[in-house]
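Counted from 1, the sequence shown has number 104 at position 115 by the working numbering; the numbering is strictly sequential. Note that beta-carbon positions come from the ideal geometry of N, C-alpha and C, so glycine has one too. The structure displayed is predicted, hence computed values, not measured ones. Read the structure below first, then the notes.
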Amino acid sequence: MPVDQDAYQQLKKYCDTNGVQLIAVSKTKPNEDIDLLYSLGQRAFGENYVQELSKKFEELPKDIQWHFIGHLQSNKIKYIAPFVALIHGVDSLKLLQAIDKEGKKINRIIPCLLQVHIAKEESKFGFDTDELRIAATQIFVEKKFSHVSVNGLMGMASFIDDQQKLQAEFQKLKSLYEEIRSTYKPDAETFNILSMGMSSDYKIAVACGSNMIRIGSTLFGARNYNM
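Written out as structure tokens, the structure is:
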């Protein structure tokens, strides 16, 4: 399926109206599809796989902001650390420590989001509430990390059609985001991202306070697993 340009224009208008940043999830999609959205003005793209992201970074325009939105393994951080615009899925202090260590090696402060487990599925990754508070203390109070910038929170809701349950999950993350801001006093200019919402649920997420959405299938069609 080719890129749905009409859907992109509608999404762009929606995001502009609601003060939301659109991340076009381009994982498994060819460079031509990314080039087309780039020509329409899109600059932020999300990738799940380190090897694919590294290859696209080399081949595509250098002003693209590459967001890593997958589950990141510590031994692969080094491949994206020099250029990644934002790592969405930091789901443990151990991973944050590894990113910080890599940032020190290359003298770069690497922007990150903490991933919070809000869904009912066990397959989802992320901090639980207690772990998040421990992490916030180490990051914002004890200031243990010198080469990461934790810019907000990210979460993925359950893969369900029940809008009330989705709303409850998004509201939980919004509440935790506000708690971090009020209790741990991060810099408001840098800790300002609440990333939640995908193709199937982004309007619910935005209504609950999301200011960054990750949209793939609405723009690019179904994922290509045979790449």
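C-beta contact flag for residue i and residue j at 9 Å
i              : j                 : result
tyrosine -3    : leucine 42        : no
methionine 143 : isoleucine 169    : no
cysteine 197   : glutamine 152     : no
leucine 75     : histidine 56      : yes
isoleucine 220 : methionine 201    : The structure shown does not extend to residue 220, since the chain spans only -10 to 216, so no value can be given for it.
leucine 49     : leucine 121       : no
aspartate -7   : glycine 210       : yes
proline 175    : phenylalanine 134 : no
serine 199     : valine 39         : no
isoleucine 58  : arginine 203      : yes
Other residues of its chain near residue i: CB distance less than 8 Å, five sequence neighbours each side excluded
i           : result
alanine 124 : Leu82, Leu85, Leu103, Phe116
tyrosine 27 : Leu49, Pro50, Ile53
Spatial neighbours of residue i in its chain, beta-carbon cut-off 7 Å, leaving aside the 5 residues before and after
i          : result
glycine 92 : Ala70, Ile98, Ile99, His136, Val137
lysine 154 : Ser147
lysine 1   : Leu11
leucine 61 : Ile76, Gly78, Leu84
Secondary structure of residue i, DSSP reduced to three states
i                 : result
phenylalanine 148 : coil
isoleucine 288    : It is not possible to answer for residue 288, since the shown part of the chain is limited to -10 through 216.
cysteine 101      : strand
valine 137        : strand
phenylalanine 159 : helix
glutamate 36      : strand
asparagine 215    : Because asparagine 215 sits at a pLDDT of 46, beneath the cut-off of 50, its placement in the model cannot be relied upon, and the point is left open.
glycine 59        : coil
alanine 13        : strand
isoleucine 53     : coil
Nearest candidate by alpha-carbon position, reference residue i, set the options
i                 : options                        : result
methionine 185    : Ala194, Thr179, Ser63          : Ala194
glutamate 158     : Val105, Asp(-7), Gln127, Asp22 : Val105
phenylalanine 114 : Arg32, Tyr27, Asp80            : Asp80
aspartate 5       : Ile23, Gly205, Asp22, Gln31    : Gln31
lysine 161        : Ser171, Asn7, Ile107           : Ile107
lysine 67         : Ile204, Lys90, Leu208, Lys132  : Lys90
aspartate 150     : Ser189, Phe72, Glu167, Pro(-9) : Ser189
Rounded distance between the beta-carbons of residue j and residue i, thought under 8 Å
i            : j             : result
serine 63    : glycine 35    : That belief does not hold up - the Cβ atoms of serine 63 and glycine 35 are roughly 20 Å apart, past 8 Å.
tyrosine 173 : threonine 126 : 7 Å
Neighbour flag for residue i against chain C, beta carbons, 9 Å
i           : result
leucine 208 : Structure shown: chain C not included; a single protein chain is present.
Cutoff 6 Å; reference residue i; Cβ partners in own chain excluding five residues on either side
i            : result
tyrosine 214 : Its pLDDT being 47, under 50, tyrosine 214 is placed unreliably by the model, and nothing is read from it.
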